[in-house]
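Step one of this worksheet: look at the structure below.
Residue numbers (UniProt numbering): 1 to 116.
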């Protein structure tokens, strides 16, 4: 049964060409917002905290600071409203899910940039 679900996901779900990114990277996500009859593009720039799941059900979490308040947003990889993703900085972190990043402030919250 699982292989059937995986087959359907691979065959019928359209894949977008998204850049490679992982935890610690700073990315900008452009997505469409519908307000009444109008649509506009909004962006969300922040640090990737995690990528989870696989296939069409994969999601990624981004965290940014809005003033002094931390804002996190979870995006599905195959969200139809997702227009594009830009990788601004590649971060060098030692783990796949950097939840410890939530508790850091100031200079401690910096992530070392990796040179690819």
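By construction, the Cβ of each residue, glycine as well, lies at the ideal position given by its N, Cα and C atoms.
Taking the straight line between their C-alpha atoms, what separation do you get for residue i and residue j?
i	j	result
residue 109	residue 22	17 Å
residue 115	residue 1	42 Å
residue 79	residue 107	34 Å
residue 36	residue 94	44 Å
residue 76	residue 31	11 Å
Helix, strand or coil for residue i, going by three-state DSSP, please let me know.
i	result
residue 108	helix
residue 38	strand
residue 68	coil
residue 102	helix
residue 2	helix
If residue i and residue j are in contact, beta carbons under 8 Å, what's the gap, nearest whole angstrom?
i	j	result
residue 16	residue 82	7 Å
residue 61	residue 53	That belief does not hold up - the Cβ atoms of residue 61 and residue 53 are roughly 11 Å apart, past 8 Å.
residue 25	residue 91	5 Å
Please classify residue i as buried or exposed, where buried requires at least 16 neighbouring CB atoms within 10 angstroms.
i	result
residue 49	buried
residue 101	buried
residue 27	buried
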